[in-house]
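Peer 1: Here you go, one structure.
Protein chains in written order, with the numbering used here: chain W, 3 to 210; chain H, 233 to 695.
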């Protein structure tokens, strides 16, 4: 008997998936979620969460994507960082004027800055939601020192459940809620353990 | 007590550095969790719901495993099944060999520790890079984890500093925790990105989508799992949840209970290997579903233990753990949850001390995010140990004598009077040394009893 058969034999007969799904769905009615921080307004709540110590992200607001290069250059200048970054192979960056900023051919692996487009932002936790695709590689978001994330105001959702993939399941669906941190030495929080030490969110569009 | 456990506890109690190290991290964790739960008025209802979700899955585990296998296979992953720890290790080593792997990057997984994976990889001659900072520390020190969230909790900053100076290529200059973390970052980066295989555990396996969820604050899971050609997941079969929404509910409880944050910094759901056109990601993804005694636990009165989401809150709040740290427990899992799990995983006869090393103060159950009745389960082990005659003769005779006296009030009260007189000869206030109680007074003083027993004072009209 294979290990699979032996384990399943001990666990008993397999039930009707439809019945199970209904039972499981019934367990989720009326969830208990934390009291909102920053009121009912999605943008205010999201920004309040970005400011929580465990997230500690900075942010800027722009009206449209055309202003993105200027906002990025401004952020890097204020931080005293080199005016250079790696941009994802996403058509949205191509039509923009990046003059004044160096576009790195390769993603920096231990320093520098990368830019990424979030698919959604979650007001509940300040999380940025990403999905892998040919236009959105994953590794750069975990390597560079500065993680600059572009998020449309219209892509803000209230709860983590609202950010779940709508259609086909992507190879990797991931939430970023802060920077690479550790408390492994005496419980003391240190930023930049392996990946980004700084997270900067550029929020695009005005609240409706 | 068995001599081995006794000796480990004695050594732990005598280790002043250990007490300092455990207090610093567990104390911080307790305070942060307290603040997070305090800000969440419906925590009580949320944990009841979490318990109900886990109970539903455990009751229908076979069905959910079959569903997960189908959806994970559809995503392009290969699903393997292992009844025992050895089978699981053999499967992992075999995959590594077929991939021609010389080195693996491992993202912290308690199941990996449970099945002895580090040892199995070493025996197979496969290099291993532990990428979680704490696992890196204990790999350098040649030790085992002492906590499920902070495996290097037993180390003070001074000890970590000395270790890094001895073993890192470019160790820190400034004596600060920030500089030590930077030293580890320098040391690990190349090794992590150059590994042939990435190995992780799973915080949740999502049945309807086949996704594998990992959570980390360091981002080391993603750095260990995305660059290599092969990603191997080893996961206990109890990690199943029906859907993403069920995982979300449990994730809210997990992070708050572990570190006090609303969510871990990086939460990732993997589904299969890289797709056409993807610029990164592994070419193969393997998922090893490990039983290792879990199906038996379900049917032998420990089903509630399978709710555990490995947050570590029970040990952070345990008065015994805070005194002796994790290594004294001797198993993979320390603290209250470990005292329930270890006898099931490694046998009761060798581990009957663990359920006895508990004050039954109930704090672990109170903080558990899935409401596991840990004291009840520990009591169950005590009863089983008694029924199976595993307790030593001195204890059995002593308890027999006590039970005989307790059924004869006159004998009992006379005995108490004599005991009080004898003990008060040994000291007033606190007793530093007491015959027949060296196990107690060796580590701490014993409170001297009042001059008269409660019954005597009650009879004299003191109300």
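Even glycine gets a Cβ: it sits at the ideal position worked out from N, Cα and C.
Bear in mind the structure is a predicted one, so any value in this text is a computation, not a measurement.
Step through the CB atoms of chain H and report whether any lies within less than 8 Å of the CB of residue 210(W).
Peer 2: Any answer about residue 210(W) is weak, because its pLDDT of 47 lies below 50 and its placement is not dependable; what the coordinates show is given next. No, residue 210(W) lies away from the interface with chain H (no Cβ there is under 8 Å from its Cβ).
Peer 1: Using the C-alpha atoms, what's the distance from residue 368(H) back to residue 375(H)?
Peer 2: Looking at the two C-alpha atoms, the distance is approximately 10 Å.
Peer 1: Given this structure, state the Cα-to-Cα distance separating residue 310(H) from residue 70(W), to the nearest angstrom.
Peer 2: Residue 310(H) and residue 70(W): Cα-Cα distance of roughly 42 Å.
Peer 1: Anything in chain W within Cβ reach of residue 401(H), meaning under 9 Å, just list it in chain order.
Peer 2: By Cβ distance, chain W contributes nothing, its closest Cβ being about 14 Å from residue 401(H), past 9 Å.
Peer 1: Using the Cβ count rule (16 or more neighbours within 10 Å means buried), how would you classify residue 286(H)?
Peer 2: Buried: at least 16 other Cβ atoms inside 10 Å.
Peer 1: Do we get a CB-CB distance below 8 Å when we pair residue 233(H) with the residues of chain W?
Peer 2: Confidence is the limiting factor: at residue 233(H) the pLDDT is only 48, short of 50, which leaves the residue's position unreliable and the question unanswerable from this model.
Peer 1: Looking at the secondary structure, which residues open and close the alpha helix (DSSP H) in which residue 520(H) lies?
Peer 2: Not the alpha helix (DSSP H): residue 520(H) falls in the beta strand (DSSP E), residues 516-522.
Peer 1: Tell me the DSSP secondary structure of residue 461(H) in three-state form.
Peer 2: Coil.
Peer 1: Consult DSSP for residue 72(W) and reduce its assignment to one of helix, strand or coil.
Peer 2: Helix, per DSSP.
Peer 1: Once DSSP output is grouped into helix, strand and coil, what is the label at residue 81(W)?
Peer 2: In the structure shown, residue 81(W) sits in coil (DSSP, three-state: anything other than H, G, I, E or B).
Peer 1: Any beta-carbon of chain W closer than 8 Å to the one on residue 313(H)?
Peer 2: Yes - at least one Cβ of chain W is within 8 Å of the one on residue 313(H).
Peer 1: What is the DSSP secondary structure of residue 356(H), counted as helix, strand or coil?
Peer 2: Coil at residue 356(H), not helix or strand.
Peer 1: Would you check whether the ligand HEM has a heavy atom nearer than 7 Å to the C-beta of residue 627(H)?
Peer 2: You won't find the ligand HEM in this model; it holds no ligand whatsoever.
Peer 1: Using the C-alpha atoms, what's the distance from residue 615(H) back to residue 130(W)?
Peer 2: Near 50 Å, if we compare the C-alpha coordinates of residue 615(H) and residue 130(W).
Peer 1: If you measure from the beta carbon of residue 110(W) to each beta carbon in chain H, is any gap under 8 Å?
Peer 2: Not an interface residue.
Peer 1: Tell me the residue span of the beta strand (DSSP E) that contains residue 290(H).
Peer 2: First-last for residue 290(H): 275-291, but that is the alpha helix (DSSP H), not the beta strand (DSSP E).
Peer 1: Taking a cut of 8 Å between CB atoms, which residues from the stretch 390-414 of chain H lie near chain W?
Peer 2: Cβ contacts with chain W: 392, 409, 410, 412, 413, 414.
Peer 1: What's the gap between the Cα of residue 274(H) and the Cα of residue 339(H)?
Peer 2: Taking the straight line joining both Cα atoms gives about 33 Å.
Peer 1: By the DSSP assignment, the beta strand (DSSP E) with residue 574(H) in it spans what residues?
Peer 2: It is not in any beta strand (DSSP E) - residue 574(H) instead sits in the alpha helix (DSSP H) that spans 567-578.
Peer 1: Looking at the C-beta of residue 629(H), does it have a partner C-beta in chain W at a distance below 8 Å?
Peer 2: Answer no: the Cβ-Cβ gap between residue 629(H) and chain W never drops below 8 Å.
Peer 1: Which whole runs of the alpha helix (DSSP H) in the stretch 578-605 of chain H are 4 residues long or more, in chain order?
Peer 2: Segments of the alpha helix (DSSP H) lying fully in the stretch 578-605 of chain H: 585-588, 595-599.
Peer 1: Report buried or exposed for residue 175(W), applying the criterion of at least 16 other Cβ atoms within 10 angstroms of its Cβ.
Peer 2: Burial call: buried.
Peer 1: For residue 30(W), name the three-state secondary structure that DSSP assigns.
Peer 2: Of the three classes helix, strand and coil, the one that applies to residue 30(W) here is coil, per DSSP.
Peer 1: Looking at the unbroken alpha helix (DSSP H) that takes in residue 690(H), where does it start and where does it end?
Peer 2: Residues 686-691.
Peer 1: Under DSSP, the beta strand (DSSP E) around residue 431(H) begins and ends at which residues?
Peer 2: Per DSSP, residue 431(H) belongs to the beta strand (DSSP E) from 429-432.
Peer 1: Going along chain W, which residues have a C-beta under 7 Å from residue 506(H)?
Peer 2: Neighbours of residue 506(H) on chain W, chain order: 173.
Peer 1: Can you check DSSP and say which residues form a bridge with residue 389(H)?
Peer 2: Residue 389(H) is not bridged to any residue.
Peer 1: Report the residue ranges of all beta strand (DSSP E) runs contained in full by the stretch 123-181 of chain W; include only those spanning at least 3 residues, in chain order.
Peer 2: Those beta strand (DSSP E) runs which fall completely within the stretch 123-181 of chain W and span 3+ residues are 129-133, 148-154, 174-178.
Peer 1: For residue 412(H), is the classification buried or exposed, using 16 other Cβ atoms within 10 angstroms of its Cβ as the cut-off for buried?
Peer 2: The residue in question, residue 412(H), is buried, as its Cβ has 16 or more Cβ neighbours within 10 Å.
Peer 1: Shorter than 8 Å from the beta carbon of residue 66(W) to some beta carbon of chain H?
Peer 2: With 8 Å as the cut-off, residue 66(W) does not count as an interface residue toward chain H.
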